[in-house]
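Each residue of the sequence shown is one higher than the one before, starting from 1 at the first, in the UniProt record's numbering. The C-beta atom is built at its ideal place from N, Cα and C for all residues, glycine as well. Step one of this worksheet: look at the structure below.
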Amino acid sequence: MEFNIETAVRICPVGFTTPDMVCVQANTINNTIQLANSQNYPANYTFPINCCQSTVFTTSVAPLVNYLVEGCDVSVVTLGQSGSGKSYTLLGPGFHCASSESEHGVIPRFIREVFTKMKQYRDRNWSVHITWSQICGENVQDLLGVGSVECGNISDVFQLIQLGMSNIAPKCAHTLFTLTLEQQWVVDTTVQHRVSTASFADLASTEKVLVYDSNGMMQTIPTDLGIQTLQRCIMTLSEACQPQYNHFVPYTQSVLTTLLKDSFGGRAKTLLLCCISPLIQDFTETLYTLQLAMRAQMIKNFVTVNSYTTFESVQENCDVFGLQFAANQLFKLVSNAEELFQRLVANDVLPKTDQELISQWLMLKQECEDCLSENSEPHRSLERIEEEIEGSCESSESEAIEEEEKESLLDKVQALMGDFRISTDKLVSQVSAANVSVNSCTKESMTSSNNEYRMKGARGRRGSIHSAEEFHPALSLNTSKISEECEENEKAMETTAMSYETKKKILKQIVTALELNQKKISDLEKTIRVKENLMESLLRHKDTKSSAHHKFEQKCQMLRKEYKSAEVKLIHAKQHKNHILEAKYKNEKVALEEKLKDAESLKSMTEDGNKLLELENDLYTSKKQLEKLKKYKQQKERYRYLYERQIREEKLKMSKERSCDSFDKKTPDKIVALLNKSNTTINSNISVNNEELECLRHEIRNLRKTRDYLLEMRCKIDVQSQNQKILNDAEERKLLQYEEAVEAIDLIMEYKNSIICGHHPLKELEEQSDRMLMERFFKLSENEMRILLHRYFEKIIDLRSSSKKLELQIVDIENKHEKLAYYVLNLRHNLQLERSDAERRIASLQKQHEDKLYRVLRNLTGEGNDNERGVSRVIGPGRHSALTVRVAEASTITRYHPGTVPVQLQGAVSQAQAKVTIEKNKHKIILQKTSKS
Ligand SMILES: Nc1ncnc2c1ncn2[C@@H]1O[C@H](COP(=O)(O)OP(=O)(O)OP(=O)(O)O)[C@@H](O)[C@H]1O
């Protein structure tokens, strides 16, 4: 549901005043605020000085309770200068010491209403949470000190309000009170959930300071950054309601606007409650508040119900599946046992008693099977699921291959079509250029006087219905793929003659598509570069890795031999019952086992597997994609050029048409043609004598004057609407009346001209129409005829007015649709960007990892030459002990000390004699220089 932000204006009482001190009045009948300078500011609700708290609530805020209970977010924001009654309106005079409930402000009343509503739906589970924070500068402080608090009843909430009020900082702060309402209820097998929030923002005062802008001009801006930004957001959002809506709303430039994002241009149903002072000395502040409210009224919020459904049966289904699985396993166990028992019985190896037990067991099983129905084999459904999954995988793979083949074929066809299109475009433009030069004179002279009239937006009754092509682009603006629609529209351009506006729309779509395409191209290029770097790294380290692999393989073999010999020695020691040797070899065996594991892990680290191949494939796909995007860009650029040229030409043509001579402007071409015709046929006309002819001509001249006058009046109203003045209903109707009257005069002139030409239109009409009806018409008196005509005229105006409204609605829907499509497109694009960004990050992390691994391996294998034991080192006395470099630890090093490890290791690499070890339990590499010998 789309709703404009509602505004309410309350004038605060100021004690003793004389009439000359007051500059504001509230007109509650037509809901306007009248200023002393005779300006009127409309609002949805206006409250005069003596208005009580209860009226303010029931009129403007109480309706929001229903929205909240329905699951929509609602928001009340108070705005106004210091001391104008914002806090009083929201809370009341010092809530805790309020003498009576009649003084309670909007918040306590709202809470009471919510709890009353909750009682009406007893079948629902409700929960209410309250938060209250204040924003001082750019800091958010919790006024309740415990975040969100669940409240079971009204008095809980009131206690929290008292607590919060005692913590509010004086003056400087905005406060934001929120009530979150959660509800759940069961419908059949589903649970319905709704979560909605009511927020009440008490903004700091709107006082201003004088500043100089960049041009050295003096201007006033609100002292508070939050209010400053809110003003900017409101201005931007209200401008965004005009057709050019691609504005950036600076929500994130202050904490306040970030928190109020949903209230202005978001998904909440919002009421802006403005508090103003009536005093003349506060006029500037009052004017500021009212102007901001006027702008806010133009903002549209898209209010949605926050609901979701969960299925109770889901849990049950999971259990059923688990039970099925267990039953399936049991079924297998039983059949295995049966097989085993039958074999044992057949072999006759068991004693009699055991055989009896088995036969009892088999009987019981038979009984169970008899009890179970034929359809209840539990394993079936599980097997079936597996089969289906396997089948679907295969088919999807073959589909993917087919899809790829199709794509390459389509690419070729598209390239050929593109070439064909360019050559056709060239030919068409050559021919049309030739035609334009030949026909330009005749066309210009034939231009109708209605052109200017049409240019101003009025199409007349016959033109009031949009042609299919005009609506085509917007209606076909599918949210799924804007690029596809562009193509459709572009194709349409080749076959149908589009209007100027349609072409402009399509051009806009093409430009957007091109912009997005360009972003995608540069993004993909970045990703390709990162992947190429990774590939280069992998290739560079390939040799080191394979030599390390070889060394670790040798090491593993050696350790395996040592392990076996230790095993043999251990057996010997056991046989000779030499316990000292037995313990020694046992320890040796354990230590060797450890080392073997480590060496094997290190070996596996040196294996790249299919990594290179996969990366190569990945790169190939990305490059292919890039090619496609570039091709697409070229295509779009061709279209853009084509459309830009056509639009330029049409614009030129239109400006020429506008500068046509005054006669053409004011005379419909039909009439001109008829008049010309009448001149040629006049001499041969015998039925109309010269006197009558002159009389008819005189009448036509008079009619033309009236027509011109009507056109002039219509243009005046048009000029008003062009100067941003919103036409009222009466003016709109006048406009239609002028248009209709002009068309009627055209018809009369046509009629008179046909008489001049010797035709008898009345006779023709008689022949075509129902005789009875015509006779009745002729019998009507002049006055009756007038009344009848007037009635019909009014009916036509009514019809035109409703058709115009419908047209406006269509345009509105079109715009919304376009806006949504653009939004979806942007979201999709951003998602894509995020994905490719993640891909790049992964690739660059992989590269970093590869580089580090390379250094570690180079170092370790270098040491392997130096020392038979290779990966383990004794560090000497003290806190360091002999430790093996284990894979897990090595990877931890890379993770926890990304900066230090490679640098240290680089040093170690340059001096092959350096020792690498790990300080126990500290995940640290220690390098020790050893002598070159
Ligand atoms: N309609 C009213 N009826 C009675 N008293 C009022 C009314 N409006 C305001 N007041 C009183 O005026 C004083 C100032 O009002 P309040 O504190 O609500 O202003 P404010 O706009 O919140 O000011 P600030 O922005 O400085 O916080 C309070 O003492 C309040 O009780």
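Beta carbon of residue i nearer than 8 angstroms to that of residue j
i	j	result
S263	Q81	no
F177	I107	yes
R112	I154	yes
G85	C23	no
residue 956	L271	The chain is shown from 1 up to 933; residue 956 falls before or after that span and cannot be answered.
K26	P48	The question names Lys, yet the displayed sequence has Ala at residue 26. Yes, these two residues count as a Cβ contact at 8 angstroms.
K117	V65	yes
I756	L703	no
I33	L290	yes
E150	S127	yes
V14	P250	no
Q184	H174	no
G164	L143	yes
L612	K586	no
Residue i burial status per 10 Å Cβ neighbour count (16 or more: buried)
i	result
N50	exposed
N301	buried
T252	exposed
L340	exposed
F248	exposed
Y67	buried
V436	Bear in mind that a pLDDT of 43 at V436, under 50, signals an unreliable position, so the model cannot answer this.
D202	buried
L845	exposed
F16	exposed
F200	buried
G265	buried
I797	buried
E731	exposed
F57	buried
K628	exposed
S87	buried
Euclidean distance between Cα positions of residue i and residue j
i	j	result
V146	V255	20 angstroms
V742	R707	6 angstroms
S75	T257	13 angstroms
A838	L831	11 angstroms
V568	S546	33 angstroms
F102	A513	Here the sequence assigns Ser to residue 102, which means Phe is not the residue at that position. Using only the alpha carbons, I get a separation of about 59 angstroms.
P170	V305	36 angstroms
K716	I276	38 angstroms
A599	D618	32 angstroms
T223	K208	5 angstroms
E644	K651	10 angstroms
L559	E553	10 angstroms
R800	T190	49 angstroms
M772	K779	11 angstroms
R10	N723	31 angstroms
E637	H849	42 angstroms
N728	Y738	16 angstroms
K332	N610	39 angstroms
L735	L788	22 angstroms
E356	L323	32 angstroms
T606	L534	16 angstroms
Beta-ladder partner(s) of residue i, from DSSP
i	result
N125	Q184
C151	V128
K545	None; K545 has no bridge partner.
F302	E2
V140	I135
L827	Per DSSP, none; premise fails for L827.
Y308	H193
S199	S75 and T178
I11	I276
Cβ of residue i within 8 angstroms of any chain B Cβ
i	result
I111	Of the protein chains in this structure there is only one, and it is not chain B.
Check your understanding: Where in the region 206 to 279 do unbroken runs of the alpha helix (DSSP H), each at least 4 residues long, occur, reported from the N-terminal end onward?
Key -> 225 to 240 and 255 to 259
Check your understanding: What residue ranges within the region 22 to 97 form continuous beta strand (DSSP E) runs of no fewer than 3 residues, ordered along the chain?
Key -> 24 to 27, 32 to 35, 40 to 42, 45 to 47 and 73 to 80
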